[in-house]
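Novice: Can you read through this structure? Questions will come right after.
Residue numbers (the working numbering): 3 to 597.
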């Protein structure tokens with residue numbers, strides 16, 4: 003049975019949820035017993051818009067209460083309609099002389115209880131002041147199937163809530179707002195697809211009926227575990243699934259489901275709704291596939307695109323594609339541009355996202371996808387220093403080539419050590435870098451005798467070819483070393499050994515800011531630190547290399563304190579180990595300096 007986070011008394015779940023919304027948004031108030039959340043800033047001279055339904059669909063509907071959207075929401079228990087007394091309470095708390103529109107979902111309980119409340123209020127205030135508007139957008143319910151009750155409500159009701167709420171805020175009258183809802187509802191179509199049904203918290207597993215097999219998905223299912231129109235034999239890729247779903251919405255030849263009228267150049271809003279259980283990365287990947295297929299197969303490029311969790315079903319692994327044809331929704335009171343303006347208008351509703359579209363402009367998103375960006379690595383990074391450290395080119399090349407060859411020759415042993423104490427990739431990582439450096443030498447990087455040129459070539463190998471933790475550690479050390487070296491070469495220090503010693507110390511100090519590893523921790527630092535310290539004190543490269551050798555051998559007696567080696571079984575009982583592969587690899591590089 004699925005697990006949930008529940009209050010001590012699971013019956014408090016809905017109540018606690020409603021109260022949390024009040025803490026989040028100052029413009030909301032709660033009628034606690036009636037489970038009604040309402041906008042306490044609503045101008046009572048403007049049309050009231052009330053919706054609601056069973057809980058478990060959050061943020062629907064309470065998350066969309068606020069200026070510019072719903073005036074109030076009446077919530078029922080989980081997947082249960084609010085009762086008519088609570089709906090009447092929602093109207094009383096927000097009563098307006100301008101009238102009230104009940105915006106309802108097309109499910110049996112909501113129809114009955116909102117209908118009861120509407121009839122009682124009509125008798126009190128008259129038909130001109132109380133209207134009931136059903137939102138019906140599910141194309142999975144065909145004309146034949148829904149002959150008596152009509153289409154179900156999916157996420158398409160969000161479009162209606164937004165534009166009608168904005169119209170109320172702008173002061174339109176009840177007839178204008180109601181008629182906009184009627185015309186808009188005809189221009190909205192949605193379909194669901196899911197990996198499985200959902201489970202109601204605090205109840206036995208009610209999702210066994212129609213439960214999907216591990217390799218199935220369901221198309222056209224509802225938001226309360228209602229069965230869909232078909233189950234697949236396997237889980238299709240996004241590129242296979244999305245065209246089938248869009249065909250249900252947009253196929254003009256399907257007379258049983260062709261609810262959405264559209265022509266070329268009609269303007270659309272796309273809403274991709276996550277019913278609570280899709281990881282965001284999958285949600286966005288499905289959204290992108292939807293956008294591409296709309297453009298490629300139907301020449302539809304939505305002018306507004308929204309995605310996220312709007313109408314959920316607890317934590318269902320289900321999504322909804324909803325399309326709103328704004329062009330066809332226009333009527334005598336509202337042009338296409340007026341409707342876009344209503345959709346773009348600000349709202350204080352807790353869960354409607356900030357609008358990221360600029361002044362209702364219809365822009366081309368493809369123009370903002372850059373696939374040929376020139377990064378720093380592609381720019382000319384010419385070296386600008388006053389002086390260089392020059393060597394006989396044959397000596398410089400021999401030293402660097404020797405360092406690389408040492409690593410290649412030692413790779414089998416380093417790999418063996420790392421296999422016993424780590425993940426086994428240290429040797430090959432170092433070898434990859436060594437071979438890349440040899441290629442640089444073959445290409446003539448050392449021909450000028452410039453130490454700076456060779457160091458930058460090594461740095462590029464560390465950045466582009468090595469990878470892994472060791473590659474990053476050596477890059478940070480080398481980059482800091484080179485930065486300080488170039489700075490001091492442009493300064494007043496004349497002795498090259500002093501300049502190199504200062505740069506080595508700076509490299510170690512900088513590296514220490516990015517890793518907790520120090521001497522004695524059985525890491526590459528066990529060689530780098532003694533080498534740099536020895537050279538700084540003696541200015542003698544042979545002494546420094548000998549210090550590195552002793553330190554590399556000394557790692558045989560060090561118990562791992564950092565990295566993967568700390569997880570190797572039986573470490574605490576051992577007194578001697580293979581040398582640390584990273585430390586020994588660095589020593590093999592430094593050993594060539596004795597040449």
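Glycine included, each C-beta is placed from N, C-alpha and C at the ideal position.
Model, not experiment: these values are computed from the prediction.
Step through the CB atoms of chain C and report whether any lies within less than 8 Å of the CB of residue 202.
Specialist: Of the protein chains in the structure, only one exists, and it is not chain C.
Novice: List the residues that DSSP assigns as beta-bridge partners of residue 56.
Specialist: As a first step, residue 56 is located in the chain shown; it is residue number 54 there, counting from the start. Partner(s): none; residue 56 has no beta bridge.
Novice: Can you check the region 257-294 for any beta strand (DSSP E) of at least 3 residues that lies completely inside it and give the ranges in chain order?
Specialist: Runs found: 270-276.
Novice: Please state the DSSP three-state secondary structure of residue 190.
Specialist: Looking up residue 190 in the chain shown gives position 188. Reduced to three states, the DSSP call for residue 190 is strand.
Novice: Are there three or more Cβ pairs, one per stretch, closer than 8 Å when the region 228-240 is compared with the region 269-276?
Specialist: Contact between the region 228-240 and the region 269-276 is absent, because fewer than three Cβ pairs lie under 8 Å.
Novice: Quick one: give me the first and last residue of the beta strand (DSSP E) that residue 136 is part of.
Specialist: Position 134 of the chain shown, counted from the first residue, corresponds to residue 136. It spans 132-137 - the beta strand (DSSP E) in which residue 136 sits, taken as one unbroken run.
Novice: Would you mind giving the Cβ-Cβ distance between residue 39 and residue 30, rounded to the nearest angstrom? I have them listed as a contact below 8 Å.
Specialist: As a first step, residue 39 must be located in the chain shown, where it is residue number 37. As a first step, residue 30 must be located in the chain shown, where it is residue number 28. That pair is a contact at about 6 Å.
Novice: With DSSP run on the structure shown, which of helix, strand or coil describes residue 76?
Specialist: Position 74 of the chain shown, counted from the first residue, corresponds to residue 76. Strand, per DSSP.
Novice: Between residue 21 and residue 8, is the Cβ-Cβ spacing less than 8 Å?
Specialist: Counting from one through the chain shown, the residue named residue 21 turns up at place 19. Counting from one through the chain shown, the residue named residue 8 turns up at place 6. No, the Cβ-Cβ distance between residue 21 and residue 8 is not below 8 Å.
Novice: Out of 456, 402, 49, state which residue places its alpha-carbon closest to the alpha-carbon of residue 597.
Specialist: Along the chain shown, one-based indexing puts residue 597 at 595. If we check each option's Cα against that of residue 597, 402 comes out closest.
Novice: Compare the C-alpha of residue 89 against each of 63, 344, 120, 79 and name the closest.
Specialist: Taking the chain shown and counting its residues from 1, the one referred to as residue 89 is at position 87. For residue 89, the nearest C-alpha among the options comes from 120.
Novice: Does the count of Cβ pairs from the region 491-505 and the region 515-533 closer than 8 Å reach three?
Specialist: Touching, no.
Novice: For residue 608, does the count of other Cβ atoms within 10 angstroms reach 16, so buried, or fall short, so exposed?
Specialist: With the chain covering only 3 through 597, there is no way to say anything about residue 608.
Novice: So within the region 449-513, which uninterrupted alpha helix (DSSP H) runs reach at least 4 residues, ignoring any that extend past its ends?
Specialist: Entirely contained in the region 449-513, the alpha helix (DSSP H) runs reaching 4 residues are, in chain order, 453-463, 470-491, 498-513.
Novice: Residues in the same chain with beta-carbon distance under 7 Å from residue 115, minus the five sequence neighbours each way, listed in chain order, please.
Specialist: For the purposes of this step, residue 115 is taken as residue 113 along the chain shown, with counting starting at 1. Result list for residue 115: 83, 84, 85, 86, 89, in chain order.
Novice: Considering Cα atoms alone, identify which of 41, 560, 57, 172 is closest to residue 314.
Specialist: Taking the chain shown and counting its residues from 1, one reaches residue 314 at position 312. Checking every option, the nearest Cα to that of residue 314 belongs to 57.
Novice: Check for me: the beta strand (DSSP E) holding residue 311 runs from which residue to which?
Specialist: Along the chain shown, one-based indexing puts residue 311 at 309. Run containing residue 311: none; DSSP gives neither H nor E here.
Novice: DSSP state of residue 231, grouped into three classes?
Specialist: Taking the first residue of the chain shown as position 1, residue 231 is located at position 229. Residue state, collapsed to three classes: coil.
Novice: Round the Cβ separation of residue 475 and residue 506 to the nearest angstrom and send it over; I've been treating them as touching at under 8 Å.
Specialist: For the purposes of this step, residue 475 is taken as the residue at position 473 of the chain shown. For the purposes of this step, residue 506 is taken as the residue at position 504 of the chain shown. Their Cβ separation, rounded to whole angstroms, is 15 Å, which puts residue 475 and residue 506 out of contact at 8 Å.
Novice: Classify residue 339 as buried or exposed, calling it buried when 16 or more other Cβ atoms lie within 10 Å of its own Cβ.
Specialist: Within the chain shown, residue 339 is the residue found at index 337, counting from 1. Exposed.
Novice: Are the region 446-462 and the region 476-485 touching, with three or more C-beta to C-beta distances below 8 Å?
Specialist: Yes, since at least three Cβ pairs between the region 446-462 and the region 476-485 fall closer than 8 Å, the two stretches touch.
Novice: Comparing C-alpha positions only, which one of 52, 51, 66 sits nearest to residue 26?
Specialist: Sequence index remark: in the chain shown, residue 26 carries index 24 (1-based). It is 66 whose Cα lies nearest to the Cα of residue 26.
Novice: Roughly how many angstroms lie between the CA atoms of residue 535 and residue 546, to the nearest whole one?
Specialist: For this step, residue 535 is matched to residue 533 along the chain shown. For this step, residue 546 is matched to residue 544 along the chain shown. The alpha-carbon atoms of residue 535 and residue 546 are separated by roughly 8 Å.
Novice: From the DSSP secondary-structure annotation, give me the bridge partner or partners of residue 41.
Specialist: Working through the chain shown from its first residue, we reach residue 41 at position 39. According to DSSP, which records beta bridges pairwise, residue 41 is partnered with 30.
Novice: With distance defined between alpha-carbon atoms, name the residue in 283, 310, 327, 356 nearest to residue 303.
Specialist: In the chain shown, counting from the first residue as 1, residue 303 sits at position 301. Looking at the Cα atoms, 327 is the closest of the given residues.
Novice: I need the DSSP call for residue 102, collapsed to helix, strand or coil.
Specialist: The residue labelled residue 102 in the question sits at position 100 within the chain shown. Note: residue 102 maps to strand in three-state DSSP.
Novice: Could you check what DSSP says for residue 421 in three-state terms: helix, strand or coil?
Specialist: In the chain shown, counting from the first residue as 1, residue 421 sits at position 419. Note: residue 421 maps to helix in three-state DSSP.
Novice: With a cut-off of 8 Å on the beta carbons, I'd call residue 74 and residue 95 a contact; round off their distance for me.
Specialist: Looking up residue 74 in the chain shown gives position 72. Looking up residue 95 in the chain shown gives position 93. Contact holds; Cβ gap of about 6 Å.
Novice: Would the region 120-134 count as touching the region 97-112 if we require 3 or more Cβ pairs under 8 Å?
Specialist: Output reads yes: the region 97-112 touches the region 120-134.
Novice: Residues in its own chain within less than 7 Å of residue 571 by CB, not counting five upstream and five downstream?
Specialist: Position 569 of the chain shown, counting from 1, holds the residue named residue 571. With a pLDDT of 45 at residue 571, under the threshold of 50, the modelled position of that residue is not reliable, and the figure given next carries that caveat. Excluding positions up to five away in sequence, the list is empty.
Novice: Nearest-angstrom Cα distance between residue 185 and residue 153?
Specialist: One-based indexing of the chain shown puts residue 185 at position 183. One-based indexing of the chain shown puts residue 153 at position 151. For residue 185 and residue 153, the distance between alpha carbons rounds to 16 Å.
Novice: Rounded to the nearest angstrom, what separates residue 590 and residue 405 at their Cα positions?
Specialist: In the chain shown, residue 590 corresponds to position 588, counting from 1. In the chain shown, residue 405 corresponds to position 403, counting from 1. C-alpha separation (whole angstroms): 7 Å.
Novice: Going straight from the alpha carbon of residue 584 to that of residue 13, what length do you get?
Specialist: One-based indexing of the chain shown puts residue 584 at position 582. One-based indexing of the chain shown puts residue 13 at position 11. Whole-angstrom Cα-Cα distance: 59 Å.
Novice: So, is residue 377 buried or exposed, given that buried needs 16 or more other C-beta atoms within 10 angstroms?
Specialist: Stepping through the chain shown from its first residue, residue 377 is reached at position 375. Classification of residue 377: exposed, given that the 10 Å Cβ count is below 16.
Novice: So, at 7 Å on beta carbons, what are the nonlocal neighbours of residue 51 in its own chain, with the 5 sequence-adjacent residues on each side left out?
Specialist: By one-based count along the chain shown, residue 51 stands at place 49. The answer, listed in chain order, is 72, 73, 103, 105, 166, 167, 170.
Novice: Might you give, ordered along the chain, the residues of its own chain that have their beta carbon closer than 6 Å to the beta carbon of residue 465, omitting 5 neighbours on each side?
Specialist: Reading the chain shown from its first residue, position 463 is the one you call residue 465. For residue 465, where only same-chain residues beyond five positions count, the Cβ hits under 6 Å are 477.
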